[in-house]
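Asks: One structure, as structure tokens, below. Some questions next.
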Amino acid sequence: MTAAPASSTRAILAALAANAGIAAAKFVGFLVTGSSSMLAESVHSVADTGNQALLLFGQRAARKQPDALHPFGHGRSRYFWSFVVALVLFTLGSVFALYEGYHKIAHSADLSSPVVALVILAVAIGLEAFSIRTAIVESRPLKGSGSWWRFIRNSRNPELPVVLLEDTGALVGLMFALAGVGLTIATGDPVWDGIGTVGIGVLLGLIAIVLMVEMHSLLIGEGATTAQIHAIQSALESTEHVDRLIHLRTQYLGPDEMLVAAKIAVAPQVELATIAATINAAEANIRAAVPSARVIYLEPDLDRALSR
């Protein structure tokens with residue numbers, strides 16, 4: 001059973017609350033102004049709100065107990081639903097915005113009450129800034145000293161990178177919408193509103209593709225990080241009666257649960273009882289070094305390379 005960390009849940013709930021409020025405000029703005037940028041951003045926020053609900057559902061599904069069909073549990077449900085989120089972001093967010101932007105450029109129409117759109121966009125930027133700040137605060141303990149891009153690429157936690165990229169895309173998308181409406185007001189040419197909408201579609205498409213690539217990699221099974229590999233190797237080789245590590249295989253069964261399988265070399269004269277105690281000690285050392293290593297299989301063997 002894989003339990004979702006509180007940091008992920010807090011970031012998701014903050015994004016859910018912010019996106020629900022933003023979506024309602026943007027739809028009002030679209031109905032008042034007729035801005036395609038506002039409509040694209042409205043659909044984007046609705047998609048984001050649904051995406052947060054999918055992430056919460058994935059966390060709940062991952063908490064199911066292991067069964068005969070899924071003996072290692074349901075931890076990868078979080079990866080699957082995060083992948084679905086990327087698909088939703090691409091279809092409902094990017095494709096719709098590109099279509100709406102093209103339609104606005106080809107069949108431009110003047111905006112009504114554009115000042116209302118500017119006010120709503122300013123409020124939405126404030127709410128989105130609150131959401132992304134929460135995601136950054138909750139992600140920082142896991143990020144370490146590396147860059148945010150490295151955190152997104154290397155994190156085995158699917159929700160925080162998804163929320164970070166979604167919120168970043170939403171904030172930049174709001175800037176595009178603000179620029180499109182602002183330039184439309186300044187020039188009197190509604191084509192700028194359509195160009196801003198196309199910009200939103202391209203941005204969301206790029207973010208969705210990055211998320212799909214990362215979630216696909218997690219779904220098919222990623223191993224331990226380089227630092228974790230070194231920690232596991234050190235834990236094994238520092239165990240009494242373990243001569244060396246012959247080979248090691250790791251795979252994440254869920255964001256917080258790693259499978260470790262290793263073959264270790266022991267001396268030929270070691271008794272069976274001592275081997276059993278050695279395996280138990282090695283497992284304890286691994287879990288102390290890498291707490292996420294919860295499922296461990298160790299196979300003792302003779303060091304044939306040394307004998308040759």
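Position one of the sequence shown corresponds to residue 1 (full-length UniProt numbering), numbered consecutively onward.
In this text, a Cβ means the ideal position worked out from N, Cα and C, and glycines have one as well.
#1: Can you confirm whether the stretch 119-136 touches the stretch 168-182 when touching is taken to mean that 3 or more C-beta pairs between the two stretches lie within less than 8 angstroms?
#2: Am I right that I246 and K263 are in contact with their C-beta atoms under 8 angstroms? What's the rounded C-beta distance?
#3: Using the Cα positions of D243 and V266, report the straight-line distance between them to the nearest angstrom.
#4: Return yes when at least one heavy atom of the ligand MN lies under 6 angstroms from the C-beta of E100, else no.
#5: List the endpoints of the continuous beta strand (DSSP E) containing V290.
#6: Looking at C-beta atoms only, is the number of pairs between the stretch 28-41 and the stretch 55-66 that lie closer than 8 angstroms three or more?
#7: Among A14, A11, A15, S36, which one has its Cα closest to the Cα of V181?
#8: Going by DSSP, what residue range makes up the beta strand (DSSP E) through L183?
#9: Quick check: the Cα distance between L259 and E299, rounded to an integer number of angstroms?
#10: If you follow the alpha helix (DSSP H) that R60 is in, where does it begin and where does it stop?
#11: With DSSP as the reference, identify every bridge partner of A261, one or two as the case may be.
#12: Would you identify the three-state DSSP class for R156, choosing helix, strand or coil?
#13: List the DSSP bridge partners of V123.
#14: Tell me the DSSP secondary structure of D303 in three-state form.
#15: Using CA atoms only, rank isn't needed, just tell me which of S45, A14, L16 is closest to F30.
#16: From the DSSP output, in three-state form, read off V270 for me.
#17: My understanding is that T33 touches S112, with C-beta atoms under 8 angstroms, so please give their C-beta distance in whole angstroms.
#18: Is it the case that the Cβ atoms of residue 309 and A124 are separated by a distance below 7 angstroms?
#19: Distance, Cα to Cα, W81 vs D303?
#20: Can you tell me where the alpha helix (DSSP H) with A208 in it begins and where it stops?
#21: CB G201 to CB S94, shorter than 7 angstroms?
#22: Going by CA-CA distance only, name the one from A47, L56, V115 that's closest to T9.
#23: Under the three-state reduction of DSSP, which class applies to L254: helix, strand or coil?
#24: Grab me the residues of W148's own chain with a C-beta within less than 6 angstroms of its C-beta, minus the 5 sequence neighbours each way, in chain order.
#25: Could you have a look at R244 and say whether DSSP puts it in helix, strand or coil?
#26: Tell me where the alpha helix (DSSP H) around S234 begins and ends.
#27: What do you reckon, are the CB atoms on Y297 and A273 nearer than 7 angstroms?
#28: Between P158 and R78, is the Cβ-Cβ spacing less than 7 angstroms?
#29: Could you tell me if G196 is buried or exposed, where buried requires 16 or more neighbouring beta carbons within 10 angstroms of its beta carbon?
Replies: Answer, in terms of the structure:
#1: yes
#2: 4 angstroms
#3: 5 angstroms
#4: In the structure shown, the ligand MN is absent, as is every other ligand, since no ligand is present at all.
#5: From DSSP, V290 is part of no beta strand (DSSP E); its letter is neither H nor E.
#6: no
#7: S36
#8: It is not in any beta strand (DSSP E) - L183 instead sits in the alpha helix (DSSP H) that spans 159-187.
#9: 14 angstroms
#10: 36-62
#11: R249, Y297
#12: coil
#13: The partner list for V123 (beta bridge, DSSP) is empty, contrary to what the question assumes.
#14: coil
#15: S45
#16: coil
#17: 6 angstroms
#18: Any question about residue 309 goes unanswered here, given that the chain covers just 1 to 308.
#19: 44 angstroms
#20: 191-220
#21: yes
#22: L56
#23: Here residue 254 is Gly; the residue named in the question, Leu, does not match the sequence. Strand, per DSSP.
#24: none
#25: strand
#26: 226-237
#27: no
#28: yes
#29: buried
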